[in-house]
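The numbering of the sequence shown is full-length UniProt numbering, which starts it at 1 and goes up by one.
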Amino acid sequence: MEIKSYQTQAEQFVEHYLLADPFLPYTSVVAGICLSKLVYDLTELFSSIHIKSYSALRKIKRIEWNNRGISTVHAIFISFMALYFVFFSDFFSDQTNLQVLMVFRSSPLSNFGLGVSVGYFLADLGMIFWLYPSLGGSEYIFHHCLSGTAVAYSLFSGEAQLYTYMVLISELTTPEINLRWYLDIAGLKRSNAYLINGVAIFFAWLTARILLFVYMFYHVYVHYDQVIQMHTFGYLLVFVVPIALSVMNLIWFGKIVKGLKKTLEKRQ
1 MEIKSYQTQA
11 EQFVEHYLLA
21 DPFLPYTSVV
31 AGICLSKLVY
41 DLTELFSSIH
51 IKSYSALRKI
61 KRIEWNNRGI
71 STVHAIFISF
81 MALYFVFFSD
91 FFSDQTNLQV
101 LMVFRSSPLS
111 NFGLGVSVGY
121 FLADLGMIFW
131 LYPSLGGSEY
141 IFHHCLSGTA
151 VAYSLFSGEA
161 QLYTYMVLIS
171 ELTTPEINLR
181 WYLDIAGLKR
191 SNAYLINGVA
201 IFFAWLTARI
211 LLFVYMFYHV
221 YVHYDQVIQM
231 HTFGYLLVFV
241 VPIALSVMNL
251 IWFGKIVKGL
261 KKTLEKRQ
């Protein structure tokens, strides 16, 4: 009986506090941080047992290896969430019967996804600052601060969550980028896998970080009558963050094209 009583109390605590609407944004952020730590430890454990080259790496490289494990898992999670809300769910659709304007809609599920993402950005920023510049330079800090601020604002204000998820679809490119790093570390730069990975990055980047941003700006233009009703800070974020990220994406895309050209030339 005591076990059932404790189980009931635990279920009530989760339902009425941890997953209650007022607390969900905060608990999801904490969950994102804790999950980042869990994935880091699991990546370290799995790699040390099953990947021979892992133990031979310098300590800082092992840390980066584990860190990229976190970013890969986060990217897969948030990409699925983003694709669902942008293309498959009708929650943000104009066709739905909801009376709330699209730019002001939020749900427990959409909040949870954004909260986990904020937790990841905080955890990753902490590691970047702690080991600076080994895990990334100023451009990584700028990217994470900009993205994290936009996601956090959307989470806690409930504004522009659709546009936040549109931008987060760009995380689709992260697993490919991390895989390229792993292949490089493993000494497989001349392998077919490395070449295929480069081509995959090119098309994924073009689709998720360039063409999709064009679609997002078009969507903002069509729904500008709603966007203009947002709080001033949120209104600015809708334009400033995607524009800044678009510039960075175009610069990085230029480097990707150059790198792919070099790889193809070496093959010839």
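Don't be surprised by glycine CBs; every beta carbon is placed ideally from N, CA and C. These numbers were taken from a predicted model, which means no experiment stands behind them.
**Item:** Cβ separation of I256 and I196, assumed to be a contact under 8 Å, to the nearest whole Å
**Value:** The Cβ separation is near 14 Å, so there is no contact.
**Asked** Is DSSP giving H223 helix, strand or coil here?
**Response** Here H223 sits in coil by DSSP.
**Message:** Suppose the cutoff is 8 Å on Cβ atoms and the five residues either side in sequence are ignored; what does the same chain contact list for L101 look like?
**Reply:** The answer, listed in chain order, is Q226, Q229.
**Message:** DSSP three-state label for M248, please.
**Reply:** The three-state secondary structure of M248, taken from DSSP, is helix.
**Request:** Report yes if the C-beta distance between A160 and G234 is below 9 Å; otherwise report no.
**Result:** Against a cut-off of 9 Å, the Cβ pair of G234 and A160 comes out as a contact.
**Item:** Whole-angstrom distance between A75 and E171, CA atom to CA atom
**Value:** Rounded to the nearest angstrom, the gap between the Cα atoms of E171 and A75 is 5 Å.
**Message:** If you reduce the DSSP assignment to three classes, tell me which class D94 lands in.
**Reply:** In the three-state reduction of the DSSP assignment, D94 falls in the coil class.
**Asked** Starting from V86 and walking both ways along the alpha helix (DSSP H), at which residues does that stretch end?
**Response** Note, V86: premise wrong, no alpha helix (DSSP H); not H, not E.
**Cβ-Cβ distance between A191 and F213 below 9 Å** = The amino acid occupying residue 191 in the given sequence is Ser; Ala does not appear at that position. When the beta-carbon positions are compared, S191 and F213 stay at least 9 Å from each other.
**Prompt:** Which residue comes first and which comes last in the alpha helix (DSSP H) that contains S134?
**Reply:** Here S134 belongs to no alpha helix (DSSP H), and DSSP marks it neither H nor E.
**Asked** Closest by CA to A204, which one among N249, V241, W181?
**Response** Answer by Cα proximity: N249.
**Request:** Indicate the three-state DSSP secondary structure (helix, strand or coil) for P25 in the structure shown.
**Result:** In the structure shown, P25 sits in a helix (DSSP, three-state: H, G or I).
**Item:** Spatially closest choice to N66 from D184, L206, T43, by CA coordinates
**Value:** Taking only the C-alpha atoms, the option nearest N66 is T43.
**Item:** Spatial neighbours of H16 in its chain, beta-carbon cut-off 6 Å, leaving aside the 5 residues before and after
**Value:** Its pLDDT being 46, under 50, H16 is placed unreliably by the model, and nothing is read from it.
**Prompt:** Is L183 helix, strand or coil by DSSP?
**Reply:** In the structure shown, L183 adopts helical secondary structure according to DSSP, grouped into three states.
**Buried or exposed by the 16-neighbour rule on C-beta atoms within 10 Å, applied to Y54** = In the assembly as shown, Y54 is a buried residue. Its beta-carbon has 16 or more other beta-carbons within 10 Å.
**Message:** Taking 7 Å as the limit between beta carbons, can you name the residues of its chain near K258, skipping five residues before and five after?
**Reply:** Within the same chain, K258 has no close Cβ partners at all.
**Message:** Would P25 and N111 be called neighbours here (beta carbons separated by less than 9 Å)?
**Reply:** The Cβ atoms of P25 and N111 lie closer than 9 Å to each other.
**Asked** CB-CB under 6 Å to S28, same chain, minus the five flanking residues each way: which ones, in chain order?
**Response** Excluding five sequence positions before and after S28, the CB atoms of its chain that fall closer than 6 Å to its own CB belong to F112, G115, V116, given in chain order.
**DSSP three-state assignment for K61, whether helix, strand or coil** = Three-state result, K61: helix.
**Asked** At which residues does the alpha helix (DSSP H) containing T164 begin and terminate?
**Response** Here the alpha helix (DSSP H) through T164 covers 161 to 168.
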